[in-house]
Structures are given as C-alpha cells and as structure tokens.
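In this note's numbering, each number is its position in the sequence shown, counted from 1, plus 1. Ideal Cβ placement from N, Cα and C applies to all residues, glycine included. Computed from a predicted structure; not experimentally measured.
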Amino acid sequence: MFIRVAENPIKQWNGDVPFFKPFSLIIMSKDGKMLSETSIRENSDKLCFGDMYGCKEGLAIRKMTENENVISFNIYKIKGQ
Numbered sequence: 002m003f004i005r006v007a008e009n010p011i012k013q014w015n016g017d018v019p020f021f022k023p024f025s026l027i028i029m030s031k032d033g034k035m036l037s038e039t040s041i042r043e044n045s046d047k048l049c050f051g052d053m054y055g056c057k058e059g060l061a062i063r064k065m066t067e068n069e070n071v072i073s074f075n076i077y078k079i080k081g082q
C-alpha cells in the first residue's frame, strides 16, 4: 500500500480568509490501483505529515500541539471506492 498526500488547487480564494490549500490522502495498491481518496479541507495546517502511521483504525497523522509533552493524532478511516 502506498500513501500520497496531494495538495488540491484553490478554486475560489478571494483574499478575505487566510490562505490555505486543502489536500487529499490518496491510498494506492502496490500495483498502482487507487483504493481511496479522502479530501481534508479543515485544519491541515495543524497536521505533521512527516509523522503518519497506518493502523487498524486507518491512517494516523500527528497533530501539532502547544505542549511538546502531549502527542495526539487524527485518524482518517481508509475505505475502498
């Protein structure tokens, strides 16, 4: 299984809100077949993409926190198409 984090284009940004690009998590099989795609549109600026783990619940991505002694993750469920 391969995981790709891809930025999505911003279609309508008017400058009134902070600039932030949504992204998608794309899960592919070892032969290149796309298994799923999950679009993340909120709080991606608070995620650490260098710290991701596959687990039985899905894909765990570490969240940035104010306290370095606190480690927490968002879990994104992986579903087939």
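#1: Just verifying my parser: in three-state terms, what is the DSSP assignment at residue 45?
#2: Using only the alpha-carbon positions, how far apart do residue 36 and residue 60 sit?
#3: Give me the residue from 29, 53, 8 and 23 with the minimum Cα distance to residue 44.
#4: Give the straight-line distance between the Cα atoms of residue 78 and residue 39, rounded to the nearest whole angstrom.
#5: Using a Cβ-Cβ cut-off of 7 Å (strictly less than) and excluding sequence neighbours within five positions of residue 7, which residues of its own chain qualify?
#6: According to DSSP, what are the bridge partners of residue 64?
#7: I need the DSSP call for residue 8, collapsed to helix, strand or coil.
#8: Tell me the residue span of the beta strand (DSSP E) that contains residue 25.
Considering the structure as presented:
#1: Here residue 45 sits in helix by DSSP.
#2: Their Cα atoms are separated by approximately 14 Å.
#3: 23
#4: 9 Å
#5: 24, 25 and 27
#6: 48 and 73
#7: strand
#8: Secondary structure note for residue 25: its beta strand (DSSP E) is the uninterrupted segment 24 to 29.
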